[in-house]
Amino acid sequence: MDGNGRWATRRGLPRVAGHHEGVKSARSIVRAASALGLRYLTLYAFSTENWSRPADEVSMLMSLLERSVNAELPELMARNARLRVLGRTHGLPAGVRRGVEHVVHETRNNTGLNVLMAFNYGARDELIDAFRSLARQIVAGELKPEDISEKKISEALYTADIPDPDLLIRTSGEMRISNFLLWQIAYTELWVTPTLWPDFRPADLYRAVAEFQGRTRRFGKV
Ligand code: IPE
Ligand code: MG
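As numbered in the working numbering, the sequence shown has no gaps in its residue numbers, which increase by one up to the final residue, 294.
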């Protein structure tokens, strides 16, 4: 969900205005994804690198994310959607963590769209956490080094029981991955749009999905 800051700056507004507008985009895209019947929608909300932004922007983002997630609870319930968090939740401020975990808990039995919120997420940190957990299993004698497989690594990630993404949408035109789901996107289709996140509409999602449906995925075969 990139481009909030640029969206605001182009209008002569403070960056926070872009983040507020970005929340509206996120809400409409969750609705659209649910209506389309998608099973999983991952939103990259806050990366581990985002902590190095100015302190006032960080604390504003934290409270905005927590408030927005809580404000969505009734609609998530109405849509039978489940919220899950990918990331180091223990690294979040306690109040933010409690607020988000409340929504995760309330929606845990919902069987529709899974909204995965990457929050305090970094793919390399996720891999570090996975390697640590595999190493602990080896030390405990529960796992042999030669039994480490793609499956074992996948199961040690935050996305343990979640399929790899089919499609990755990057807004604001940046041609990079920015430490997002590095293991999981090995064969993911990429779709980059110059549209800034606050301007991203359900029509853009439909266009991305339609183009995705027209692609031939070979997974390294012919
Ligand atoms: C994405 O927009 C929002 C978050 C990282 C939370 P940015 O804030 O990165 O916007 P730009 O890249 O400065 O335009
Ligand atoms: Mg950015």
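Built from N, CA and C at the ideal position, the CB exists for glycine as well.
| Query | Result |
| --- | --- |
| Helix, strand or coil at residue 116 according to DSSP, with G and I counted as helix | strand |
| Residue interval of the beta strand (DSSP E) (run including residue 191) | 186-193 |
| Three-state class that DSSP yields for residue 242 in the structure shown | strand |
| Residue(s) in a DSSP beta bridge with residue 261 | 239 |
| Exposed unless 16 or more other CB atoms sit within 10 angstroms - verdict on residue 123 | exposed |
| Distance between residue 142 and residue 185 (C-alpha atoms, nearest Å) | 17 Å |
| Spatial neighbours of residue 145 in its chain, beta-carbon cut-off 7 Å, leaving aside the 5 residues before and after | 175, 178 |
| Reduced DSSP category for residue 78 - H, G, I as helix; E, B as strand; rest coil | helix |
| Start and end residues, beta strand (DSSP E) containing residue 125 | Note, residue 125: premise wrong, no beta strand (DSSP E); not H, not E. |
| Simplified DSSP state of residue 311, which is helix, strand or coil | Residue 311 lies beyond the stretch modelled for the chain, which goes from 73 to 294, so this question has no answer here. |
| Spatial distance of residue 255 from residue 247 (CA atoms) | 18 Å |
| Which residues DSSP lists as bridging residue 157, in chain order | 189 |
| Heavy atom of the ligand MG within 7 Å of residue 74 beta-carbon | yes |
| N- and C-terminal bounds of the alpha helix (DSSP H) containing residue 276 | 274-285 |
| Length of the line joining the Cα atoms of residue 173 and residue 291 | 36 Å |
| Near the ligand MG: residue 163 beta-carbon under 7 Å from a heavy atom | no |
| Exposure of residue 106, with buried meaning 16 or more beta-carbon neighbours within 10 Å | buried |
| Distance between residue 113 and residue 193 (C-alpha atoms, nearest Å) | 15 Å |
| Any non-hydrogen atom of the ligand IPE within 7 Å of residue 269 CB | yes |
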